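Trainee:
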Amino acid sequence: MSTHAESRRGLWIAAASFVLWGLMPLYWHLLKAVPSLQIVVHRIVWSALFVVGWLTWQNRGWLRAALARPRVGWMLALSGVLIAFNWGLYIWAVNAGHVVESSLGYFMNPLVNVLFGVLFLRERLTRTQWVSVALATVGVAWLTVQYGHPPWIAIGLALSFALYGLIRKLAAIDSIPGLGVESVYLFLPALAVLLWAEVHGSGGFLPLPGAPGWGIGLDVLLVVGGALTALPLIGFAFAVRRVPLSVIGLMQYIAPTLQFLIGVLAFGEAFDRTRAVGFGCIWIALALFAADGIRRTRTRSVGAAASAGA
12 MSTHAESRRG
22 LWIAAASFVL
32 WGLMPLYWHL
42 LKAVPSLQIV
52 VHRIVWSALF
62 VVGWLTWQNR
72 GWLRAALARP
82 RVGWMLALSG
92 VLIAFNWGLY
102 IWAVNAGHVV
112 ESSLGYFMNP
122 LVNVLFGVLF
132 LRERLTRTQW
142 VSVALATVGV
152 AWLTVQYGHP
162 PWIAIGLALS
172 FALYGLIRKL
182 AAIDSIPGLG
192 VESVYLFLPA
202 LAVLLWAEVH
212 GSGGFLPLPG
222 APGWGIGLDV
232 LLVVGGALTA
242 LPLIGFAFAV
252 RRVPLSVIGL
262 MQYIAPTLQF
272 LIGVLAFGEA
282 FDRTRAVGFG
292 CIWIALALFA
302 ADGIRRTRTR
312 SVGAAASAGA
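All residue numbers in the sequence shown are consecutive under the numbering used here, ending with 321.
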């Protein structure tokens with residue numbers, strides 16, 4: 012497959028991953044009766060079983076082959092810790108009533124990705140892309156100022172996921188085996204926490220004497236949540252190795268924008284003029300970036316056609 016075709020495929024997969032992430036609040040809202048820590052460990056355990064089981068069915072030697080690559084072992088251990096921290100902080104923040112600040116973190120995250128792409132990977136932006144980044148930065152800064160204090164939750168979410176993306180881009184391993192190695196590292200600690208909670212009565216997955224549990228409906232949602240956790244991560248890891256990190260950074264506004272729409276239209280959260288200023292800057296930045304990408308794609312297509320004709 013050509014480099015251009017791979018890049019285009021990566022763009023579509025990245026878009027699908029961000030759309031799924033953007034719609035996930037509707038799913039997690041169904042699990043609001045489950046404690047945050049329990050949701051996190053169930054996400055890790057069930058997504059690990061889903062990914063590792065599929066990889067083992069395809070190739071029993073996948074783990075040995077993955078860890079044989081230089082530096083992959085310690086890099087994926089670090090990326091696994093980062094994604095577990097990101098999940099835990101996000102779920103805790105949502106359950107603690109910090110939904111708006113959490114969404115701000117995911118609006119900040121693409122800016123951090125752009126910064127990492129320029130600083131560490133020597134990626135270059137066009138003039139229009141720089142204008143887009145500047146407008147998005149103004150929008151995020153405006154939203155940040157409205158809190159009146161440093162948004163530590165948002166900063167933690169943005170930095171942890173941007174570092175995760177950077178490490179996965181640098182790790183020389185395909186997306187699904189990479190996620191499988193991360194899952195192997197996280198599985199036993201998460202399973203230990205889950206079993207400890209069940210034995211000591213703070214879990215609710217298994218119906219035990221004196222503890223009827225959460226019910227079959229929530230149990231099924233927790234299990235399915237593992238697959239829904241794995242799919243966008245696989246897509247993100249696939250795309251981040253085929254698409255410039257600066258492009259991935261700006262595409263990530265898809266997810267928080269959908270989360271915003273869900274918050275306002277489905278959950279009835281407020282959206283006043285102050286927030287409209289910040290969101291407006293971000294949406295204009297996205298429009299400029301998309302227009303620039305379409306223009307450059309058409310220019311390359313015309314150039315390729317002219318070369319072929321010659």
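We treat Cβ as the ideally placed atom computed from N, Cα and C, and that holds for glycine.
All values reported here derive from a predicted model rather than from experimental measurement.
Helix, strand or coil: how does DSSP classify P218 here?
Mentor: In the structure shown, P218 sits in coil (DSSP, three-state: anything other than H, G, I, E or B).
Trainee: Please report the distance separating the alpha-carbon of V105 from that of L41.
Mentor: Cα to Cα, V105 sits roughly 13 Å from L41.
Trainee: Is L136 near V125, with beta carbons less than 9 Å apart?
Mentor: Yes, they are a contact pair.
Trainee: For the alpha helix (DSSP H) containing P162, name the first residue and the last one.
Mentor: Per DSSP, P162 belongs to no alpha helix (DSSP H) and is neither H nor E.
Trainee: Buried or exposed for K180, going by 16 or more other Cβ atoms inside 10 Å?
Mentor: The residue is buried, with at least 16 neighbouring Cβ atoms inside 10 Å.
Trainee: Residues in the same chain with beta-carbon distance under 7 Å from A27, minus the five sequence neighbours each way, listed in chain order, please.
Mentor: Contacts found: G246.
Trainee: Go through its chain and collect everything with a Cβ distance to A165's Cβ below 6 Å, but skip five positions before and after it.
Mentor: Cβ neighbours of A165 beyond the five flanking positions: E112, L115, G116 and M119.
Trainee: Between the alpha carbons of G11 and P162, how many angstroms are there, rounded?
Mentor: Given a span of 12 to 321 for the chain in the structure shown, any question on residue 11 remains unanswerable.
Trainee: Which same chain residues end up closer than 8 Å to F37 when comparing Cβ atoms and leaving out the 5 residues on each side of it in sequence?
Mentor: One point to set straight first is that residue 37 is Leu, not Phe, in the sequence displayed. Answer for L37: I273 and A277, listed in chain order.
Trainee: When we look at the beta-carbon of L130 and count the other beta-carbons within 10 Å, is it buried (16 or more) or exposed?
Mentor: Classification for L130: exposed.
Trainee: From this set, C292, G226, P200 and A250, which residue's C-alpha is nearest I187's C-alpha?
Mentor: Cα-wise, what sits closest to I187 is A250.
Trainee: May I ask you to report which of helix, strand or coil DSSP gives N70?
Mentor: Three-state result, N70: coil.
Trainee: From N97 to F172, what distance separates their C-alpha atoms?
Mentor: Roughly 7 Å between the two C-alpha positions.
Trainee: Does the pairing of the stretch 42-54 with the stretch 196-210 give three or more beta-carbon distances under 8 Å?
Mentor: Because the criterion of three Cβ pairs below 8 Å is met, the stretch 42-54 and the stretch 196-210 touch.
Trainee: Taking only the alpha-carbon atoms, compute the straight-line gap between V63 and W153 and give it to the nearest angstrom.
Mentor: The alpha-carbon atoms of V63 and W153 are separated by roughly 43 Å.
Trainee: Is it true that the CB of G189 sits closer than 9 Å to the CB of S47?
Mentor: Result no, Cβ atoms of S47 and G189 do not sit closer than 9 Å.
Trainee: From F198 to A88, what distance separates their C-alpha atoms?
Mentor: Taking the straight line from one Cα to the other gives about 12 Å.
Trainee: Hey, would you say I10 sits closer than 9 Å to A25, going by beta carbons?
Mentor: No answer is possible for residue 10: it lies beyond the span of the chain, which begins at 12 and ends at 321.
Trainee: Only counting the same chain, and skipping five residues up and downstream in sequence, which positions put a Cβ closer than 8 Å to that of P81?
Mentor: The answer, listed in chain order, is A183.
Trainee: Let me confirm a value: R307 is counted as buried when at least 16 other C-beta atoms fall within 10 Å, else exposed. Which label applies?
Mentor: R307 is exposed by the Cβ-count criterion.
Trainee: What does the alpha-carbon distance come out to for the pair E209 and A201?
Mentor: Spanning the two alpha carbons is a distance of roughly 12 Å.
Trainee: How many angstroms separate the CA atom of F29 from the CA atom of L174?
Mentor: When rounded, the distance between both Cα atoms is 17 Å.
Trainee: Taking 9 Å as the cut-off, decide whether the C-beta atoms of P243 and W32 are in contact.
Mentor: Yes.
Trainee: Compare the Cα-Cα distances from G191 to each of G237, L232, L217 and V149 and report the closest residue.
Mentor: If we check each option's Cα against that of G191, G237 comes out closest.
Trainee: So which of V149, Y101 and V235 has the shortest CA-CA distance to A169?
Mentor: For the residues V149, Y101 and V235, the minimum Cα distance to A169 belongs to Y101.
Trainee: Have a look at D303 and V142 and give me their C-alpha separation to the nearest angstrom.
Mentor: Approximately 11 Å, taken between the alpha carbons.
Trainee: Identify which residue in A266, F216, Q263 and Y196 has its Cα closest to the Cα of M86.
Mentor: If we check each option's Cα against that of M86, Y196 comes out closest.
Trainee: Helix, strand or coil, according to DSSP, for V129 in the structure here?
Mentor: It is helical.
Trainee: Return the residue from the list W225, P267 and E280 that minimises the CA-CA distance to I293.
Mentor: For the residues W225, P267 and E280, the minimum Cα distance to I293 belongs to P267.
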